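Chemist: Just dropping this structure here.
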Amino acid sequence: MRYIEPHAHMVSRTMDDYQALAMAGCRAVCEPAFWAGFDRSSVAGFYDYFCQLTEYEPKRAAKYHIAHFSWICINPKEAEDPAFAREVIQLIPQFLHKENVLGVGEIGLNKNSKNEAAIFQEQVQLALDHDQLILIHTPHLEDKLKGTKLTIDMLRQFPQLDPGRVMIDHVEEHTIQQVLDAGFWAGITLYPESKCTPPRAVDMLERFGDTNRLWMNSACDWGVSDPLALPKAILELRKRGFDEAAIDRFVYQNPLKFIQQSGVIWEW
Amino acid sequence: MKSSNNMMDLYFMDARSKLIDIAAFMDRVERSGETEDFRYKEFVKALGVLHGSGRAEAVLQHFSDPSEAPIDQATAGPALGAFQST
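Dropping the structure here:
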């Protein structure tokens with residue numbers, strides 16, 4: 000079955016994973032800039048990473064006929080040093096108009112600190128200045144609820160922001176309602192332990208799927224994660240009685256509708 | 000469109016297995032003398048919300064940081080899964 004993987008950190012994955020994605024029906028992957036598992040020691044490290052996301056990774060994906068799109072930003076975990084983060088932010092505009100770039104992301108909060116919040120807001124403004132879509136990471140575990148509330152409050156400080164151009168990712172049962180009620184898109188991340196299982200994701204789709212502002216993703220990276228989480232959620236949807244048209248809407252048409260707003264050109 | 004399915008047929012054995020895993024986890028923690036760990040205490044308290052409705056949301060809320068203001072500086076290390084009140 001065709002699907003779009005709207006959040007995957009493929010620089011951390013092998014070609015075997017690309018092959019498995021292709022065989023499962025994946026037509027496109029979207030890769031946000033994120034934390035590498037260690038703090039980079041220089042701005043040049045980010046420059047190289049952004050080149051990897053916009054030049055090298057699309058070529059790897061193309062070997063399996065998968066389109067590759069990316070998001071550019073400094074992630075919240077490396078935003079605690081504002082002077083360093085601002086140097087990285089200065090790099091970003093030159094990448095925003097590359098042909099595979101969807102927008103600014105995944106920005107947001109990690110530990111809900113004041114510095115993270117400041118750098119988040121500066122990158123929201125950057126996205127607005129360059130008419131870019133925004134992808135937002137919400138914090139992990141015990142920090143998620145507070146971080147989601149803070150994020151929505153900060154976004155409300157930008158009256159020119161169209162919530163239909165903002166995806167707030169990694170929602171769970173305690174955060175999804177407030178994200179959707181505020182008019183934003185919501186992403187459900189399928190992780191083996193720390194985020195959401197396929198049965199819980201389907202529970203949320205049963206309750207909120209009619210908004211058509213939801214997507215599911217694996218967010219697979221270098222940690223405990225599953226690049227085939229989305230096909231497993233498709234199986235779960237079938238088990239729960241969803242027909243193929245509804246499943247196609249959840250895993251292909253909805254993510255397509257969101258990312259098409261970026262203006263990227265792809266043979267959809 | 001969605002057809003109806005029997006949730007008990009689909010999920011009972013899986014939930015039963017997970018419940019036994021939780022029971023075994025609690026026995027294991029007890030044997031290792033770690034029942035005073037704040038995470039375990041919060042875990043036991045979270046079991047209490049299972050008697051109501053909206054259980055998944057309530058469990059997630061239970062483990063969450065209830066404060067509202069940003070903190071002065073990010074703490075080191077990963078999130079722990081349960082909020083530790085000072």
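Which chain is which? The protein sequence lines are A and B, in order.
The first sequence begins at 0 in numbering that gives the first Met the number 0 and counts up one residue at a time.
The second sequence begins at 0 in numbering that gives the first Met the number 0 and counts up one residue at a time.
Every residue, glycine too, gets a C-beta built ideally from N, C-alpha and C.
No experiment lies behind these values; they were computed from the predicted model shown.
Closer than 8 Å between beta carbons: that is the criterion. Which residues of the segment 64-85 of chain B meet it against chain A?
Modeler: Within the segment 64-85 of chain B, the qualifying residues are ASP64, PRO65, SER66, GLU67, PRO69, ILE70, ASP71, GLN72, ALA73, THR74, PRO77, ALA78, LEU79, GLY80, ALA81, PHE82.
Chemist: Using a Cβ cut-off of 8 Å, pull out every chain A residue sitting near PHE62(B), in sequence order please.
Modeler: Near PHE62(B) (Cβ distances below 8 Å), the residues of chain A are LEU140, GLU141.
Chemist: Go to SER16(B), then tell me how far its alpha helix (DSSP H) extends in each direction, as first and last residue.
Modeler: Where SER16(B) is concerned, the enclosing alpha helix (DSSP H) stretches over 6-30.
Chemist: Answer yes or no: do ASP168(A) and THR137(A) have a C-beta to C-beta separation smaller than 8 Å?
Modeler: In this structure, THR137(A) lies closer than 8 Å to ASP168(A) by Cβ.
Chemist: Using 8 Å as the threshold, is the C-beta distance between ALA218(A) and TYR251(A) below it?
Modeler: Not closer than 8 Å, so no.
Chemist: Report the neighbours of LYS1(B) on chain A: residues whose CB is nearer than 8 Å to its CB, in chain order.
Modeler: Neighbours of LYS1(B) on chain A, chain order: GLU205, ARG239, GLY240, PHE241, ASP242, ALA245.
Chemist: Check the Cβ of LYS231(A) against every Cβ in chain C and list those closer than 8 Å, keeping chain order.
Modeler: Judged by its chain identifiers, the structure shown contains no chain C, and its protein chains are A and B.
Chemist: Taking 6 Å as the limit between beta carbons, can you name the residues of its chain near VAL165(A), skipping five residues before and five after?
Modeler: Result list for VAL165(A): ILE133, PHE183, in chain order.
Chemist: Run through the segment 96-171 of chain A for me and flag every whole beta strand (DSSP E) of 3 or more residues, listed as ranges in chain order.
Modeler: You should have 100-107, 132-136, 165-167.
Chemist: DSSP three-state label for TYR2(A), please.
Modeler: Three-state DSSP puts TYR2(A) in a strand.
Chemist: Classify ASN216(A) as buried or exposed, calling it buried when 16 or more other Cβ atoms lie within 10 Å of its own Cβ.
Modeler: Buried.
Chemist: What residues of chain A sit near TYR10(B), judged by a beta carbon separation below 8 Å?
Modeler: Per Cβ cutoff of 8 Å: PRO198.
Chemist: Alpha helix (DSSP H) containing ARG54(B): first to last residue?
Modeler: It spans 54-61 - the alpha helix (DSSP H) in which ARG54(B) sits, taken as one unbroken run.
Chemist: Assess, as a yes-or-no matter, whether the segment 58-75 of chain B is touched by the segment 98-107 of chain A under the definition of 3 or more beta carbon pairs within less than 8 Å.
Modeler: The segment 98-107 of chain A vs the segment 58-75 of chain B: no contact.
Chemist: On the premise that SER66(B) lies in contact with LYS145(A), defined as a C-beta separation below 8 Å, what is that separation, rounded to the nearest angstrom?
Modeler: Yes, LYS145(A) and SER66(B) are in contact; Cβ-Cβ is about 6 Å, under 8 Å.
Chemist: What is the DSSP secondary structure of LEU227(A), counted as helix, strand or coil?
Modeler: Coil.
Chemist: Just to confirm, is the Cβ distance from LEU90(A) to PRO226(A) under 8 Å?
Modeler: No. Outside cutoff.
Chemist: Could you confirm whether any beta carbon from chain A is found closer than 8 Å to the beta carbon of ALA55(B)?
Modeler: Yes - at least one Cβ of chain A is within 8 Å of the one on ALA55(B).
Chemist: Quickly, what does DSSP pair LEU213(A) with across the bridge? List them, please.
Modeler: The partner list for LEU213(A) (beta bridge, DSSP) reads ALA185(A).
Chemist: Give the DSSP-derived three-state secondary structure of LYS1(B) in the structure shown.
Modeler: DSSP places LYS1(B) in strand when its eight states are reduced to three.
Chemist: How is VAL263(A) classed by DSSP in three states: helix, strand or coil?
Modeler: Of the three classes helix, strand and coil, the one that applies to VAL263(A) here is coil, per DSSP.
Chemist: Since I believe LEU160(A) is in contact with ARG212(A) (beta carbons under 8 Å), could you give me their beta-carbon distance rounded to a whole number of angstroms?
Modeler: Actually they do not touch by this definition, with Cβ atoms about 15 Å apart.
Chemist: At 9 Å on the CB atoms, spell out the chain B contacts of HIS136(A), in chain order.
Modeler: Going along chain B, no residue has its Cβ under 9 Å from HIS136(A), so there is no contact; the nearest lies around 13 Å.
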